[in-house]
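Residue numbers (my numbering): 20 to 158.
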């Protein structure tokens, strides 16, 4: 997944963090760097370590973890429609699953039940419903 410095700053600010200070500290610790085209680069081992930390948060299943990115775990949760206070971030990408002309539609109401959701990054998904129901401020 490619992400630019501007997108990283937007995400951090959206989560209520001081983006510039956070980036400075992480860069000083050599946890990532920005390439010449302003995209973020992180060593695979650092990424995998973060992934493993999230996976170990709860043995009770994905609904009890803070971050979700596997559509095979996300879709059953959305279809189950239960309130959760654990999930803080979702990255859902259907680009690799279907061709460009296919559209996946998901109701906004599924995400409203995620009371602490601060990051919702979706692509190749059409949200159906009132977007004003989504939280405007970080939880």
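We put the beta carbon where it would ideally sit given N, CA and C, even for glycine.
Note that the structure is predicted; figures quoted are calculated from it, not measured.
query, result
"Beta-carbon spacing of residue 55, residue 83 below 8 Å", "no"
"Residue from 99, 93, 123, 101 whose Cα sits closest to the Cα of residue 110", "93"
"Three-state secondary structure (DSSP) of residue 52", "strand"
"Distance between residue 97 and residue 125 (C-alpha atoms, nearest Å)", "8 Å"
"Integer-rounded CB distance, given that residue 127 should sit under 8 Å from residue 147", "7 Å"
"Contacts around residue 73, its chain only, beta-carbon distance under 8 Å, and the 5 residues preceding and following it disregarded", "84, 85, 86"
"Alpha-carbon to alpha-carbon, residue 23 and residue 41", "15 Å"
"Cβ neighbour criterion (16 or more within 10 Å) applied to residue 27", "buried"
"Among 108, 59, 113, 52, nearest to residue 3 - alpha-carbon criterion", "Residue 3 falls outside the range modelled here, since the chain spans only 20 to 158, and no answer is possible."
"CA-to-CA distance, residue 33 to residue 102, given in whole angstroms", "22 Å"
"Per DSSP, the bridge partner or partners of residue 85", "According to DSSP, residue 85 bridges with nothing at all."
"With 16 other Cβ atoms within 10 Å as the buried cut-off, status of residue 129", "buried"
"For residue 30 and residue 138, believed in contact at Cβ under 8 Å, the rounded distance", "6 Å"
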